[in-house]
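Letter by letter, the sequence shown follows residues 2 to 270 in our numbering.
A virtual CB, placed ideally from N, CA and C, is assigned to each residue, including glycine.
Values in this document were obtained by computation on a predicted structure and should not be read as measured data.
For reference, the structure discussed in these notes is given below.
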Amino acid sequence: MATAVFVHAHPDDEAIATGGTMVLAAKAGHRVVLVCATDGAVGEADPVHIPEGETLADVRRRETEAAAAVLGVDRLVFLGYRDSGMQGESTNDDPRCFWQADVDEAAQKLADILRDEKADVLTIYDAIGGYHHPDHVQVHQVGIRAAALVDGVEVFESTMHRERMAALVADPAWGDGDDDQREQQRAEFAELELGTPAAEITHAVDVSSVVDIKRQAMAAHRSQIGEDSMFLTLPNDRFTAAFGTEWYVHRGSHVPGEPYRTDLFVGSE
2 MATAVFVHAH PDDEAIATGG TMVLAAKAGH RVVLVCATDG AVGEADPVHI PEGETLADVR
62 RRETEAAAAV LGVDRLVFLG YRDSGMQGES TNDDPRCFWQ ADVDEAAQKL ADILRDEKAD
122 VLTIYDAIGG YHHPDHVQVH QVGIRAAALV DGVEVFESTM HRERMAALVA DPAWGDGDDD
182 QREQQRAEFA ELELGTPAAE ITHAVDVSSV VDIKRQAMAA HRSQIGEDSM FLTLPNDRFT
242 AAFGTEWYVH RGSHVPGEPY RTDLFVGSE
């Protein structure tokens, strides 16, 4: 059996981007390690979700622990950095945030985990972090540097299928809030080049058989993913169509594009 280390920027990213892959890996007997770079403290949350005397970071740590249990995670590690917030926000300048972290220092922390776990597989994000979020971009940079410090680790960039994402965003049901809010969200995301072009993707992991577990893990992040969110209100068939495949680029692969490979662990055991 192999060991896979999944690195994510914030609590809830793991469930949305790679939750199905993690469940399938755990069910197959592989060791699954989740590394969360930040505390998620800049996320938006209704105060009702934050008990007196606690912070949003406290809540999101607890939510991540609950989601990790749903996904079959064997070990959860927080790197200890502050959430940087969205691109262009003043929180990007906080010297304690992940975006401002020394890449070599953060990479050494991650490399220590990879060595300790004797990791075979490492998942990070693509070069634009999927959607240009500073912490996601930093996960890519730190992950590449860390992998260079450790022998024998296969690196996969978790990404979005750019063409399918464009079609998803165009769907009137996409987004949260009322019709006007969803329309604004669609317009904002339509301007971005999200994820990776189909021709550059190498792996498409079909997680439709465990998509209900993936959705349960999302629901564990209740401060960020409410009962009325798109993630939880889409009918099962549309949710599966949108989130039932998880996409990756295998770094160093010379055979991108279709037919996509379907297993991150082939050749990694």
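Of the choices G86, D121 and V151, whose alpha-carbon is the least far from that of V98? Translated into the one-based positions of the sequence shown, residue 98 becomes position 97. A small fix is needed here, since residue 98 is Cys in this sequence, not Val. C98 has its Cα closest to that of G86, out of G86, D121 and V151.
Just verifying my parser: in three-state terms, what is the DSSP assignment at S210? Residue numbering aside, residue 210 sits at position 209 when the sequence shown is read from its first letter. The answer is helix: DSSP assigns S210 an H, G or I state.
Would you report the Cα separation of G258 and V206, rounded to the nearest angstrom? Residue 258 sits at position 257 when you count from the first residue of the sequence shown. Residue 206 sits at position 205 when you count from the first residue of the sequence shown. Their backbone Cα atoms lie some 14 Å apart in a straight line.
Contact under 9 Å by Cβ, V69 with E158: Counting from 1 along the sequence shown, the entry for residue 69 is found at position 68. Counting from 1 along the sequence shown, the entry for residue 158 is found at position 157. Residue 69 is actually Ala in this sequence, not Val. Contact: no.
Please classify S91: does DSSP put it in a helix, a strand, or coil? Within the sequence shown, residue 91 is the residue found at index 90, counting from 1. In the structure shown, S91 sits in a helix (DSSP, three-state: H, G or I).
Cβ shell of F232 (< 6 Å), same chain only, five flanking positions each side left out: Stepping through the sequence shown from its first residue, residue 232 is reached at position 231. These residues qualify, in order along the chain: M219 and I226.
I need the straight-line Cα distance from A102 to D264, nearest angstrom please. Residue 102 sits at position 101 when you count from the first residue of the sequence shown. Residue 264 sits at position 263 when you count from the first residue of the sequence shown. Whole-angstrom Cα-Cα distance: 33 Å.
One question on the structure: do R163 and L195 come within less than 9 Å of each other, judged by their Cβ atoms? As a position in the sequence shown, residue 163 is number 162, starting the count at 1. As a position in the sequence shown, residue 195 is number 194, starting the count at 1. Going by C-beta atoms, R163 is nearer than 9 Å to L195.
Hey, could you find the ends of the beta strand (DSSP E) T4 is sitting in? Position 3 of the sequence shown, counting from 1, holds the residue named residue 4. Unbroken beta strand (DSSP E) run through T4: T4 to H9.
Candidates I129, H133, G153 and A128: which alpha carbon is nearest A120's? For this step, residue 120 is matched to residue 119 along the sequence shown. Residue G153 is the option with its Cα nearest to A120.
Closest by CA to K215, which one among I114, G20 and D229? As a working note, residue 215 is residue 214 in the sequence shown. Nearest C-alpha to K215: G20.
Which residue's Cα is closest to the Cα of A10: A29, S230 and G41? In the sequence shown, counting from the first residue as 1, residue 10 sits at position 9. Residue G41 is the option with its Cα nearest to A10.
Pick out whichever of V8, V60 and W248 has its Cα sitting closest to the Cα of M166. Taking the sequence shown and counting its residues from 1, one reaches residue 166 at position 165. Checked all of V8, V60 and W248; the closest Cα to M166 is W248.
V6 to V122 span [Cα, whole Å]: One-based indexing of the sequence shown puts residue 6 at position 5. One-based indexing of the sequence shown puts residue 122 at position 121. Answer to the nearest angstrom: the Cα atoms are 6 Å apart.
Report, in whole angstroms, the separation of the C-beta atoms of L1 and V211, which I expect to be a contact under 8 Å. In the structure displayed, the chain extends from 2 to 270; residue 1 sits before or after that span and is not available.
Count the CB pairs spanning the region 105-120 and the region 46-61 that are closer than 8 Å, and state whether there are at least three. no
For I145, report the span of its alpha helix (DSSP H) as first-last. Along the sequence shown, one-based indexing puts residue 145 at 144. Element bounds for I145: P135 to A149.
The beta strand (DSSP E) with G81 in it runs from where to where? Here the question's residue 81 lines up with position 80 in the sequence shown. Counting along the chain, the beta strand (DSSP E) containing G81 begins and ends at R76 to Y82.
Cβ atoms of V250 and D127: under 9 Å apart, would you say? For the purposes of this step, residue 127 is identified with residue 126 of the sequence shown, where counting begins at 1. For the purposes of this step, residue 250 is identified with residue 249 of the sequence shown, where counting begins at 1. Yes, Cβ-Cβ distance for D127 and V250 is below 9 Å.
Range covered by the beta strand (DSSP E) that runs through V33: Sequence index remark: in the sequence shown, residue 33 carries index 32 (1-based). Counting along the chain, the beta strand (DSSP E) containing V33 begins and ends at R32 to T39.
Is P96 buried or exposed, if buried means 16 or more other CB atoms sit within 10 Å of its CB? Residue 96 sits at position 95 when you count from the first residue of the sequence shown. P96 should be labelled exposed.
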